[in-house]
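Protein chains: 2
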Amino acid sequence: MKIASLDDGSPDGALVVVSDDLRMQRPCTDRTLRDALDMKRLVPELTEQPFDEGSCGAVLPRATQFLDGSAYVNHVDLVRRARGADMPPSFWTDPLMYQGCSTFIGPQDDITGDPDWGIDFEAEIAVITGDVPQGASADEAAGFIEYVLLINDISLRALIPDELSKGFGFVQSKPPSATSPLAVTPAALPGWDGRKLHGILHVDLNGQPFGRANAGVDMTFDFGTLIAHAAKTRPLPAGTIIGSGTISNRDADEGPGQPVARGGRGYSCIAEQRMVETILTGQAHTPFLRPGDTVKIWMQDDAGRSIFGTINQKVAPWP
Amino acid sequence: MKIASLDDGSPDGALVVVSDDLRMQRPCTDRTLRDALDMKRLVPELTEQPFDEGSCGAVLPRATQFLDGSAYVNHVDLVRRARGADMPPSFWTDPLMYQGCSTFIGPQDDITGDPDWGIDFEAEIAVITGDVPQGASADEAAGFIEYVLLINDISLRALIPDELSKGFGFVQSKPPSATSPLAVTPAALPGWDGRKLHGILHVDLNGQPFGRANAGVDMTFDFGTLIAHAAKTRPLPAGTIIGSGTISNRDADEGPGQPVARGGRGYSCIAEQRMVETILTGQAHTPFLRPGDTVKIWMQDDAGRSIFGTINQKVAPWP
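First to last, the sequence lines map onto chains A and B.
Just so you know, we're using full-length UniProt numbering here: the first sequence kicks off at 1 and counts up by one.
Just so you know, we're using full-length UniProt numbering here: the second sequence kicks off at 1 and counts up by one.
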């Protein structure tokens with residue numbers, strides 16, 4: 001089953017069930033996804049209307065909690081190298097995770113920020129959990145995944161070094177992320193193996209292919225492991241969102257990966273492409289986002305049909 | 001006006017307006033504080049019932065966001081010294097803040113954790129904001145404070161060093177905080193100066209006075225400044241909670257402060273008392289919390305009446 005929250009001006013939006021072909025929608029007895037998660041039910045009504053993914057807000061505009069992992073350790077390695085920081089070997093065995101902003105913006109909402117902040121996107125897979133008890137194992141935790149979705153974890157690269165040097169993680173450097181128009185139950189998701197999503201995450205920057213990484217490859221920590229990490233010292237109430245971190249694939253030769261234009265799988269954030277440029281040419285030349293730039297993020301099934309709809313954002317004029 | 005959310009088994013509780021003397025309560029037209037914040041109104045009904053603060057859950061069990069500052073830089077200095085970390089001078093001018101867990105537990109809920117995790121309390125003042133626009137100044141931000149409350153920011157000291165060394169801030173080491181039974185509007189709050197709360201924050205550990213610090217003293221960053229820091233790169237939707245960090249007073253001689261038993265103002269967390277013990281005797285001797293230990297946190301007005309009710313928590317048996 002696919003669901004979306006229409007942006008009707010209310011804080012949580014209006015929950016609808018969407019047909020697999022994204023053509024029709026049905027409202028639900030519980031008006032919002034939050035209510036449906038609380039009631040532990042999802043009851044679509046019979047009336048059908050045409051679905052327009054342009055009318056969607058964030059699937060869950062106010063998540064109960066948001067914890068974002070860095071499951072693709074290749075990305076962590078590259079981004080840390082890009083800012084001159086070493087990566088401890090424990091990063092390959094102990095999940096890296098931060099507490100993110102628990103509110104989300106819609107898939108077509110503008111990205112708003114000062115271009116001097118170094119605005120970047122990060123294309124990720126995320127899951128919405130049911131009630132996860134404290135201390136759940138990774139195997140148990142995987143059973144609490146209710147929905148899978150895409151997110152764009154907007155990151156302000158120029159603010160990160162100073163903020164992380166203070167030792168308390170991201171605050172200003174990680175404003176609210178955007179979600180895909182749709183979230184999909186694991187049972188209805190092609191490529192879902194119970195812990196990971198296999199398939200190409202498409203990222204276009206200003207209409208050009210930028211990333212075509214496979215989300216099922218190089219994911220060092222699967223979602224069961226990420227959820228269990230988050231739940232070690234707390235329960236996770238229904239409506240918690242757990243992110244994968246930026247999707248990132250190594251090259252076949254174990255190198256950092258080639259741009260799409262050179263036949264590679266490209267990148268799911270600009271920072272990674274800049275790092276590879278530095279390795280290849282001694283200098284980064286792809287700029288971070290500027291007003292007017294656009295980023296699109298989506299996945300499609302084997303028949304080319306959109307699975308989650310498209311995150312399609314523009315950077316707003318500043319100020 | 002004082003409000004509370006009764007723990008009726010629902011995720012957000014049942015909003016009531018409580019009389020200033022904490023004797024009577026009235027339900028509200030909007031069933032939950034979240035609904036009332038969304039509707040930008042608070043309409044108590046006429047029917048009155050006796051109020052029992054023991055029936056309260058967290059004031060806002062699911063905050064929209066939670067950002068916790070470290071406004072009492074004396075505390076940061078001592079805790080960092082306690083774990084052998086230096087404090088950069090910029091900490092006196094640039095607010096330290098982390099994204100905390102956006103769900104809260106009730107004022108009488110047990111603290112649940114492995115005693116080997118080094119369980120500690122942190123007594124803090126916090127505010128619930130209305131809708132704060134991105135980029136609000138500190139002066140503007142102070143105008144968006146809707147309610148003031150107390151929180152116990154439970155901290156797992158033994159997990160903090162490894163977690164912070166990973167660079168992404170607190171996750172496992174900061175499980176959900178507890179709130180006071182009541183939240184109070186600024187207009188009804190004795191000692192509120194528009195940006196800070198002046199008054200003694202009482203902390204008892206196992207029935208003995210542990211902390212009597214003045215929340216209006218040594219607060220390097222006031223709430224206007226903390227909210228503006230959080231809102232630099234994002235709007236803060238109504239229902240955002242901003243914490244002060246652990247209340248901490250220096251001694252009159254600018255030293256780290258004496259225990260209450262020696263006539264000092266004591267501490268609002270165990271870590272600070274342990275640090276001072278180390279300074280005075282070369283060794284910390286106050287243990288972190290063990291199953292069965294109790295912590296009480298409250299404030300009272302000049303007439304000795306409780307302002308926010310009492311956070312009164314016990315550490316649960318483990319496992």
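We put the CB at the ideal spot given by N, CA and C, even for glycine.
Small disclaimer: the values here were computed from a predicted structure and weren't measured.
Do residue j and residue i come within 8 Å of each other at the CB atom, strictly closer than that value?
i	j	result
residue 33(B)	residue 238(B)	no
residue 22(A)	residue 55(A)	no
residue 179(A)	residue 149(A)	yes
residue 95(B)	residue 229(B)	yes
residue 293(B)	residue 260(B)	no
residue 119(B)	residue 147(B)	no
residue 134(A)	residue 233(A)	yes
residue 243(B)	residue 124(B)	yes
residue 61(B)	residue 11(B)	yes
residue 79(B)	residue 271(B)	yes
residue 241(B)	residue 72(B)	no
residue 1(B)	residue 171(A)	no
residue 30(A)	residue 15(A)	yes
residue 141(B)	residue 63(B)	no
residue 320(A)	residue 70(A)	Shown here, chain A extends from 1 to 319; a query on residue 320(A) therefore has no answer.
residue 145(A)	residue 177(A)	no
residue 181(A)	residue 290(A)	no
residue 13(A)	residue 84(A)	no
residue 153(B)	residue 68(B)	yes
DSSP state of residue i, grouped into three classes?
i	result
residue 281(A)	helix
residue 75(A)	helix
residue 313(A)	strand
residue 5(B)	strand
residue 104(B)	strand
residue 298(B)	strand
residue 50(B)	strand
residue 22(A)	coil
residue 179(A)	strand
residue 62(A)	strand
residue 168(A)	coil
residue 118(B)	coil
residue 250(A)	coil
residue 229(A)	helix
residue 149(B)	strand
residue 223(A)	helix
residue 210(B)	strand
In angstroms with no decimal places, state the Cα-to-Cα distance between residue i and residue j.
i	j	result
residue 276(B)	residue 213(B)	15 Å
residue 59(A)	residue 308(A)	11 Å
residue 76(B)	residue 122(B)	12 Å
residue 264(A)	residue 295(A)	19 Å
residue 249(B)	residue 301(A)	60 Å
residue 310(A)	residue 175(B)	34 Å
residue 105(A)	residue 24(B)	40 Å
residue 92(B)	residue 81(B)	15 Å
residue 268(A)	residue 262(B)	58 Å
residue 320(A)	residue 318(B)	What is shown of chain A runs 1 to 319, which leaves residue 320(A) out entirely.
residue 199(A)	residue 211(A)	12 Å
residue 236(B)	residue 158(A)	22 Å
residue 17(A)	residue 197(A)	21 Å
residue 173(A)	residue 66(B)	16 Å
residue 283(B)	residue 90(B)	29 Å
residue 169(B)	residue 101(B)	12 Å
residue 183(B)	residue 138(B)	22 Å
residue 110(A)	residue 117(B)	42 Å
Can you tell me whether residue i is buried or exposed? The criterion is at least 16 other CB atoms within 10 Å of its CB, across all chains shown.
i	result
residue 161(A)	exposed
residue 298(B)	buried
residue 39(B)	exposed
residue 156(A)	buried
residue 88(B)	exposed
residue 312(B)	buried
residue 287(A)	exposed
residue 41(B)	exposed
residue 252(B)	exposed
residue 187(A)	exposed
residue 206(A)	exposed
residue 303(B)	exposed
residue 281(B)	exposed
residue 305(B)	exposed
Kindly examine the ligand FMN and report whether one of its heavy atoms sits closer than 7 Å to the Cβ of residue i.
i	result
residue 81(A)	As presented, the structure is devoid of all ligands, the ligand FMN included, so that no description of it is given.
Exercise. Assess, as a yes-or-no matter, whether the segment 156-176 of chain B is touched by the segment 185-205 of chain B under the definition of 3 or more beta carbon pairs within less than 8 Å.
Key: no
Practice problem: Check whether the segment 46-54 of chain B touches the segment 215-235 of chain B, counting contact only when three or more Cβ pairs, one atom from each stretch, lie closer than 8 Å. | Solution: no
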